[in-house]
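Numbering-wise, this note's numbering puts 270 at position 234 of the sequence shown, and it's gapless, one number per residue.
Glycine included, C-beta positions come from ideal geometry on N, C-alpha and C.
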Amino acid sequence: MKTIFFKILLSAAAVSFVSCSDWLDIEPDGQATNNKLTQTGDGYRSMLSGVYKAMTSANLYGTELQFGIVDCMSRQYTWDWYTSTDASKTIYSEARDFNYTDVNLREKIDKIWLDGYNVIANANNLIQSIENENPDKFAGGESEKNMILGEAYGCRALMHFDLCRLFAPAPIENESGDYLPYVEKYPNIQPKSISVDEFLDKVVADLQKGRELTAAFDTTALGMTMNSSSNARFYDQYDYGMDGANTPETIDDFYKGRGYRLNYYAMTALLARVYEYMGKDDLAYAYADSVMNSKAIGLAGTEYSMFTNEDWWTMQSAGDENESRQDIKVVSTLIFALYCSDTYDDCNLENYFQKSSTSSFGNPQWMTVDLEGQEIFKNSQTQEDESGSDYRSRYLLFAPDYYVFQNNKYRLSGKWYCSDDVTLRNKNLQTLPMIRTTEMYYIMAEHKARTGDFDGAYEILNNIRSNRGLWNPLETKRDLDSFLKDMIRDAQREYISEGQLFYLYKRLGAKLKIGNETRKYTKSEYMLPIPEDQNM
């Protein structure tokens, strides 16, 4: 491996906290030295904000690891409708065809690697700087120090994990060899690549450490207030009877918006995801079950289920009016999301999810869901078209104002619909989904199927379907392959344009439609090429 040098940019910030979004929106005030930032507890808050902000770059979860390249690799999109063949060649159509040698696509892949390891470098610098700090430096004392340190470990683990899922084979492939480095120090001039198994063990170790550290706050009375519901986690609207709910103005805004942070519950869910990828579905089930059974307990003993109350009505209530549709991310099903107030501009969303075309050919960068090619809204058992009933089709897909889209064959994801109402648009688009409760249900259902409890597995899957407007339950099949086929079909709908479907196919070695074939990925398709020049 060639020499790797991580460039880290740390910014000082004016720390004036008014709401959780104000803290998350911290802007640089010149390039500060590391020594300046670590002089105060507020400086450490700024450093943590910088790590999260770096994760929302267009090369990472702002675009490419959300609805961009990684979803093209899952064959979600099609450009078959586009009439100008030459102009339709973009990095996205090339990614769909696994043409990773295309010069423009390869440049973007290299940037994913570079930005990913830069996030890790920032996290490592924060970890090393804060570990031996005096807790008295922080407004929240030991609890705040542990929270910042724990979240830094979580960010390091998450970023490493997704780089591994992109640039190395899945454990199911039983491939030997060393693929990429797990970097735990800053600076690390020449990190050594390690095996996938060793790499994933380090991901788990970091998440366990981060989970333990954040529990010091998130499992307290005030911590449960911040996590008790989706409204508490994402909108600072607290449940009656919870600690501090009647006097929210007295709560330090640094502790708000826990849904946008790798808190204790988010890292528990992430551990479920990692264990599932490792093939340890018994452990994956235990952690997923732990999340879904989490309860917030109020001062008078009132219990709130943190993650089981799905709300689809807010999104549905606009009917066919996309312009006024709220909650297009269905935040009640989110455990963890990243926050980016400038997603609309920074990630050029209007280009990918444009509502009308200025060209007679349409827009070759439209992320057009391949409804016909992948048949995702056909019932996997009966082949019945369920698009008219499934909320994920009825309310979370839309057609641009372009004639070829009016035949219901092509749609764009409504999760990224850019409303003309600036206030509504900003609220809808600032949330970048990372982990949904639905994934925890899939993990639990798959475990039940693998252990022979097909009745329990289909009960979970049919509950997911009924919550999304599908009242006709799937027939209980009593073999694993049939269950996985049914689960994958639901996931194809749930994960539209949010960067998880490719990883599901890869983890399972599942078959999907690629051209005229139905087959699993080849090695050259499921692994992005590691940059030849790894100088960073």
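| request: With a threshold of 16 other CB atoms inside 10 Å of the CB of Tyr-276, please say whether the residue is buried or exposed. | output: Within the sequence shown, numbered from 1, the residue matching residue 276 stands at position 240. Counting Cβ neighbours within 10 Å, Tyr-276 comes out exposed, since fewer than 16 surround it.
| query | Does the Cβ of Gly-584 have 16 or more other Cβ atoms within 10 Å, making it buried, or fewer, making it exposed? | reply | The requested residue 584 does not occur in the structure, where the chain is confined to residues 37 to 572.
| message | Looking at Val-327: is its Cβ nearer than 8 Å to the Cβ of Ala-354? | response | Counting from one through the sequence shown, the residue named residue 327 turns up at place 291. Counting from one through the sequence shown, the residue named residue 354 turns up at place 318. Contact: no.
| task | Alpha carbon to alpha carbon, how far is Ser-377 from Gln-466? Give it in angstroms, no decimals. | result | Numbered from 1 along the sequence shown, position 430 holds the residue referred to as residue 466. Numbered from 1 along the sequence shown, position 341 holds the residue referred to as residue 377. About 5 Å.
| query | Taking Val-366 as the reference, which of Phe-270, Asp-78, Leu-199 has the closest Cα? | reply | By 1-based counting over the sequence shown, the position of residue 366 is 330. Comparing Cα-Cα distances from Val-366 to each of Phe-270, Asp-78, Leu-199, the minimum goes to Phe-270.
| query | So what's Pro-205 in DSSP terms, helix, strand or just coil? | reply | Translated into positions along the sequence shown, residue 205 becomes position 169. Coil, per DSSP.
| query | What's the C-alpha gap between Gly-177 and Arg-132? | reply | In the sequence shown, the residue the question calls residue 177 occupies position 141. In the sequence shown, the residue the question calls residue 132 occupies position 96. Roughly 49 Å between the two C-alpha positions.
| request: Go to Thr-554, then tell me how far its beta strand (DSSP E) extends in each direction, as first and last residue. | output: Here residue 554 corresponds to residue number 518 of the sequence shown, with the count starting at 1. Here the beta strand (DSSP E) through Thr-554 covers 553-555.
| Inter-residue Cα distance where the pair is Lys-125 and Pro-400 | As a working mapping, residue 125 is identified with position 89 in the sequence shown. As a working mapping, residue 400 is identified with position 364 in the sequence shown. Whole-angstrom Cα-Cα distance: 8 Å.
| task | May I ask you to report which of helix, strand or coil DSSP gives Thr-467? | result | Translated into positions along the sequence shown, residue 467 becomes position 431. Assigned with DSSP and collapsed to three states, Thr-467 falls in strand.
| message | Check this for me: beta carbons of Val-310 and Leu-243, under 8 Å apart or not? | response | As a position in the sequence shown, residue 310 is number 274, starting the count at 1. As a position in the sequence shown, residue 243 is number 207, starting the count at 1. The answer is yes: Cβ separation under 8 Å.
| task | Could you check the C-alpha separation between Met-37 and Gln-352 for me, to the nearest Å? | result | One-based indexing of the sequence shown puts residue 37 at position 1. One-based indexing of the sequence shown puts residue 352 at position 316. At Met-37, the pLDDT of 38 sits below 50, so the modelled position is not reliable; the number obtained from the coordinates is stated separately. Taking the straight line joining both Cα atoms gives about 52 Å.
| Closest by C-alpha distance to Asp-356, when choosing among Leu-433, Thr-558, Pro-565 | The residue given as residue 356 occupies position 320 in the sequence shown. Relative to Asp-356, the option among Leu-433, Thr-558, Pro-565 whose CA is nearest is Leu-433.
| said: What does the Cβ neighbour count give for Ala-188, buried or exposed, with the cut at 16 atoms within 10 Å? | reply: Working through the sequence shown from its first residue, we reach residue 188 at position 152. By the neighbour-count rule (16 or more Cβ atoms within 10 Å), Ala-188 is buried.
| So is Val-106 buried or exposed if we call it buried at 16+ other beta carbons inside 10 Å? | Position 70 of the sequence shown holds residue 106. By the neighbour-count rule (16 or more Cβ atoms within 10 Å), Val-106 is buried.
| request: Would you tell me roughly how many angstroms separate the C-alpha atoms of Ser-265 and Arg-297, rounded to the nearest one? | output: Counted from its first residue, the sequence shown places residue 265 at position 229. Counted from its first residue, the sequence shown places residue 297 at position 261. When rounded, the distance between both Cα atoms is 14 Å.
| message | Given this structure, state the Cα-to-Cα distance separating Tyr-274 from Asn-267, to the nearest angstrom. | response | Reading the sequence shown from its first residue, position 238 is the one you call residue 274. Reading the sequence shown from its first residue, position 231 is the one you call residue 267. About 7 Å.
| field | the region 524-534 in contact with the region 101-118 per 3-pair CB rule at 8 Å | value | yes
| Unbroken alpha helix (DSSP H) run spanning Ala-252, endpoints | Here residue 252 refers to the residue found at position 216 of the sequence shown. Here the alpha helix (DSSP H) through Ala-252 covers 232-254.
| request: Output the distance between the C-alpha atoms of Lys-484 and Asp-325, rounded to the nearest integer angstrom. | output: As a working mapping, residue 484 is identified with position 448 in the sequence shown. As a working mapping, residue 325 is identified with position 289 in the sequence shown. Rounded to whole angstroms, Lys-484 to Asp-325 spans 12 Å at the Cα level.
| request: Check whether the region 373-393 touches the region 480-495, taking contact to mean three or more Cβ pairs, one atom from each stretch, closer than 8 Å. | output: no
| query | Leu-448 bridges to which residues according to DSSP? | reply | If you number the sequence shown from 1, residue 448 lands on position 412. Answer is Phe-434.
| field | 7 Å Cβ shell around Leu-374 - same chain, five flanking residues per side excluded | value | Reading the sequence shown from its first residue, position 338 is the one you call residue 374. The answer, listed in chain order, is Tyr-88, Met-91, Thr-92, Tyr-97, Tyr-296, Leu-468, Met-470.
| task | Compute the distance between the beta-carbons of Glu-530 and Arg-430, then report whether it is under 8 Å. | result | Counting from 1 along the sequence shown, the entry for residue 530 is found at position 494. Counting from 1 along the sequence shown, the entry for residue 430 is found at position 394. No.
| field | Proximity to Asp-347 [Cα-Cα], best of Ile-333, Asp-363, Glu-339 | value | Taking the sequence shown and counting its residues from 1, one reaches residue 347 at position 311. The residue with the shortest Cα to Cα distance from Asp-347 is Asp-363.
| query | Which residue or residues does DSSP assign as beta-bridge partners of Lys-173? | reply | As a working mapping, residue 173 is identified with position 137 in the sequence shown. Paired residue(s): none; Lys-173 is not in a bridge.
| message | Please classify Tyr-439 as buried or exposed, where buried requires at least 16 neighbouring CB atoms within 10 angstroms. | response | Working through the sequence shown from its first residue, we reach residue 439 at position 403. Tyr-439 should be labelled exposed.
| task | Would you kindly report the start and end of the unbroken alpha helix (DSSP H) that includes Asp-214? | result | Working through the sequence shown from its first residue, we reach residue 214 at position 178. Judged by DSSP secondary structure, Asp-214 falls outside any alpha helix (DSSP H) and instead within the beta strand (DSSP E) spanning 214-217.
| said: Between Phe-253, Phe-372, Asp-279, Leu-319, which has its C-alpha nearest Ala-302's C-alpha? | reply: For this step, residue 302 is matched to residue 266 along the sequence shown. Here the closest residue by C-alpha is Phe-372.
| query | Under a three-way DSSP split, which group does Ser-229 fall into? | reply | Residue 229 sits at position 193 when you count from the first residue of the sequence shown. Ser-229 falls in the strand class under three-state DSSP.
| What does Lys-331 pair with, by DSSP beta-bridge criteria? | Your numbering for residue 331 matches position 295 in the sequence shown. Ser-341.
| DSSP state of Val-366 mapped onto helix, strand, coil | Residue mapping note: residue 366 aligns to position 330 of the sequence shown, counting from 1. Correct three-state label for Val-366: coil.
| field | Member of Asn-158, Ser-212, Asn-168, Pro-171 whose CA lies at the smallest distance from the CA of His-196 | value | Position 160 of the sequence shown, counting from 1, holds the residue named residue 196. Nearest option by C-alpha distance: Asn-158.
| message | For Thr-404 and Trp-117, which I take to be in contact (beta-carbon distance under 8 Å), what is that distance rounded to the nearest angstrom? | response | Start at 1 with the first residue of the sequence shown, and residue 404 comes out as number 368. Start at 1 with the first residue of the sequence shown, and residue 117 comes out as number 81. That pair is a contact at about 7 Å.
| query | Of the choices Tyr-541, Asn-498, Gly-488, whose alpha-carbon is the least far from that of Asp-515? | reply | Here residue 515 refers to the residue found at position 479 when the sequence shown is read from its first residue. Restricting attention to Tyr-541, Asn-498, Gly-488, the CA atom closest to the CA of Asp-515 is found in Gly-488.
| field | Simplified DSSP state of Asp-116, which is helix, strand or coil | value | Numbered from its first residue, the sequence shown carries residue 116 at position 80. Look at Asp-116 here: in three-state DSSP terms it is coil, with no helix or strand label.
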